[in-house]
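> Take this structure, written in structure tokens, and hold onto it; I'll ask about it next.
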């Protein structure tokens, strides 16, 4: 079905789920609707970042893929407004209206797909070169025979031929070698994004603020969502200026400090301390700024860039699944952590999120490679040549598509291809020097 067909199918499945939830009068039908809606969202959350990464030019890919997170923040903001508007209703409209509103955005997605092409990389994977050329030409607004289009397609095709020369990819292969390292990186990145505690604020923020003594927790929730939307824009700019690695590192440090401050202030002060409440709200908003400008969008950017074409869909399905698994685990466990009848952690729960943010700092330093400015094909070379994440900033691509194509049937690793090409350049240089000296000797 391809990326295009699966996105359309996901939208239709989601619409079915929304309809079932909206018309339901009994719990079983509502649960069935939740299943279909969740299945559709799960597909979309893996497919859209993949589509964006496969169609974007490398110089702006981070911003485009990061826009996926911007759409999420806008959705959360609009949802908080709708929920605040319907919270006073005593009829079924209090839940039917917020659910039914989702239908509009899914329709926009499905209709919008009419104007989008299939990704060139998927078409290359399926040996449909002419269609890939038309797709890339449409995306770049260039003729199919333009040198830039031809060069980019040749690079993608040669890289794919090289990948296939090493064998087809299975789910088992995703756990082996450098691909396994990248898969672990992607899964941990998506898991830690959830463990920073952001969804505690957006899922249970209203209840938490109410228990903490805040007078109008719904308004505070709207404010935090406004901060979330506004703070995503600096991240879309910084991801191509500071790079993925630096931005994730700065974001993790900022989130860690803010979470510890909120935890300490909330634990030491009582619910009647107005200044403490204001301080907590302020640092929650600052925390959201750091998350929304770094880990929110950049986690999707990095996972969309990590994997080779032949294994990209498989790996992204697993990284996205890890995100949703932790999302579910946090949503399920949080009420038990803060409820007075159970763990009764209240503000102490922020110590947990702060500790995970500290783990994020170490994770970024040791595991996240800098991929800014690289094509998706050059990321393969990065992982094949550079062994340590903190050394990735100095990496410069040395293998062109022609080098890969010439060695496609030889089963060489990319590092071996690079070394082989470097030897060729060295020999050519030596031969040129000898020829020059010989020519001078004749005179």
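Numbering (full-length UniProt numbering), first residue to last: 1 to 443.
We put the CB at the ideal spot given by N, CA and C, even for glycine.
(1) For the alpha helix (DSSP H) containing residue 167, list its first residue and its last residue.
(2) At 3 residues or longer, and completely inside the stretch 252 to 312: list those beta strand (DSSP E) runs for me, N to C.
(3) How many angstroms separate the CA atom of residue 54 from the CA atom of residue 286?
(4) Would you decide whether residue 332 is buried or exposed? Buried here means 16 or more other CB atoms lie within 10 Å of its CB.
(5) From residue 29 to residue 36, what distance separates their C-alpha atoms?
(6) Might you give, ordered along the chain, the residues of its own chain that have their beta carbon closer than 6 Å to the beta carbon of residue 455, omitting 5 neighbours on each side?
(7) Once the 5 residues before and after residue 390 are set aside, which same chain residues still bring their CB inside 8 Å of it?
(8) Count the other CB atoms within 10 Å of the CB of residue 50; is the residue buried (16 or more) or exposed (fewer)?
(9) First and last residue of the alpha helix (DSSP H) that includes residue 371?
(10) Is the stretch 76 to 88 touching the stretch 337 to 345, taking contact as three or more C-beta pairs under 8 Å?
(11) Given residue 267, which residues of its chain have a CB within under 6 Å of its CB, disregarding the five upstream and five downstream residues?
(12) Have a look at 92, 353 and 301 and flag the residue whose alpha-carbon is nearest the alpha-carbon of residue 259.
(13) Could you have a look at residue 408 and say whether DSSP puts it in helix, strand or coil?
(14) Shortest alpha-carbon distance to residue 203 belongs to which of 334, 262, 230 and 112?
(15) With distance defined between alpha-carbon atoms, name the residue in 47, 11, 68 and 56 nearest to residue 40.
(16) Determine the direct distance from the alpha carbon of residue 61 to that of residue 408, and round the result to whole angstroms.
(17) Using only the alpha-carbon positions, how far apart do residue 226 and residue 77 sit?
(18) What's the gap between the Cα of residue 17 and the Cα of residue 56?
(19) Take residue 291 as the anchor and find which of 321, 320, 31 and 66 has the nearest alpha-carbon.
(20) Look at the alpha carbon of residue 31 and the alpha carbon of residue 23, and state the distance between them as a whole number of angstroms.
(21) Excluding the 5 residues flanking residue 48 on each side, which residues of the same chain have their C-beta closer than 8 Å to its C-beta?
(22) Taking the alpha helix (DSSP H) that residue 105 belongs to, which residues open and close that run?
(23) For residue 187, which residues from the same chain have a beta carbon less than 7 Å from its beta carbon, with the 5 sequence-adjacent residues on both sides left out?
(24) Compute the Euclidean distance between the alpha carbons of residue 374 and residue 278, then round it to the nearest angstrom.
(25) Give me, in chain order, the residues of the same chain whose beta-carbon lies closer than 7 Å to that of residue 283; leave out the 5 immediate sequence neighbours on both sides.
(26) Distance check for residue 106 and residue 73, CA to CA, integer angstroms please.
(27) Given this structure, state the Cα-to-Cα distance separating residue 275 from residue 197, to the nearest angstrom.
(28) Just curious, the alpha helix (DSSP H) that residue 120 is in, first and last residue?
(29) How close, in whole Å, do the beta carbons of residue 99 and residue 21 come, if the pair is a contact with beta carbons under 8 Å?
(30) Return the first residue and the last residue of the alpha helix (DSSP H) that residue 135 is part of.
(31) Can you tell me the Cβ-Cβ gap for residue 324 and residue 42, rounded? I've got them flagged as a contact below 8 Å.
(32) Using CA atoms only, rank isn't needed, just tell me which of 382, 231 and 397 is closest to residue 178.
Based on what the coordinates show:
(1) It is not in any alpha helix (DSSP H) - residue 167 carries neither H nor E in the DSSP assignment.
(2) Along the length of the stretch 252 to 312, whole beta strand (DSSP E) runs at least 3 residues long do not occur.
(3) One C-alpha to the other measures close to 33 Å.
(4) Residue 332 should be labelled exposed.
(5) The straight-line gap separating the alpha-carbon atoms of residue 29 and residue 36 is approximately 11 Å.
(6) The requested residue 455 is not part of the displayed model; the chain covers only 1 to 443.
(7) Contacts found: 365 and 366.
(8) So residue 50 ends up on the buried side.
(9) Segment: none, residue 371 is in no alpha helix (DSSP H) and carries neither H nor E.
(10) Flag = no, the stretch 76 to 88 and the stretch 337 to 345 do not touch.
(11) 347 and 348, listed in sequence order.
(12) Looking at the Cα atoms, 353 is the closest of the given residues.
(13) Caution is warranted here: a pLDDT of 48 is assigned to residue 408, below 50, making its placement in the model unreliable, and no coordinate value can be reported.
(14) With distances taken between Cα atoms, residue 203 lies closest to 334.
(15) From the listed residues 47, 11, 68 and 56, the smallest Cα separation to residue 40 is found for 11.
(16) Per-residue confidence for residue 408 stands at a pLDDT of 48, beneath the threshold of 50, marking its modelled position as unreliable; the derived number appears in the next sentence. The C-alpha of residue 408 lies about 27 Å from the C-alpha of residue 61.
(17) Each residue's Cα considered, the two are about 6 Å apart.
(18) About 31 Å.
(19) Taking only the C-alpha atoms, the option nearest residue 291 is 66.
(20) Roughly 12 Å between the two C-alpha positions.
(21) The residues are 7 and 68.
(22) For residue 105, the enclosing alpha helix (DSSP H) stretches over residues 93 to 112.
(23) Setting aside the 5 residues that flank it on each side, residue 187 is surrounded in the same chain by 318, 319 and 322, each with a C-beta closer than 7 Å to its C-beta; the list follows chain order.
(24) Spanning the alpha carbons of residue 374 and residue 278 requires a straight line of approximately 44 Å.
(25) Within the same chain, and ignoring the five residues on either side of residue 283 in sequence, the residues whose Cβ sits closer than 7 Å to its Cβ are 258, 261 and 262.
(26) Distance between the alpha carbons of residue 73 and residue 106 is about 16 Å.
(27) Cα to Cα, the separation comes out at about 23 Å.
(28) For residue 120, the enclosing alpha helix (DSSP H) starts and ends at 120 to 125.
(29) The C-beta separation of residue 99 from residue 21 comes to about 5 Å, placing the pair in contact by the 8 Å criterion.
(30) Start and end: 129 to 140.
(31) 6 Å between Cβ atoms; contact.
(32) Per the C-alpha coordinates, the member of 382, 231 and 397 positioned closest to residue 178 is 382.
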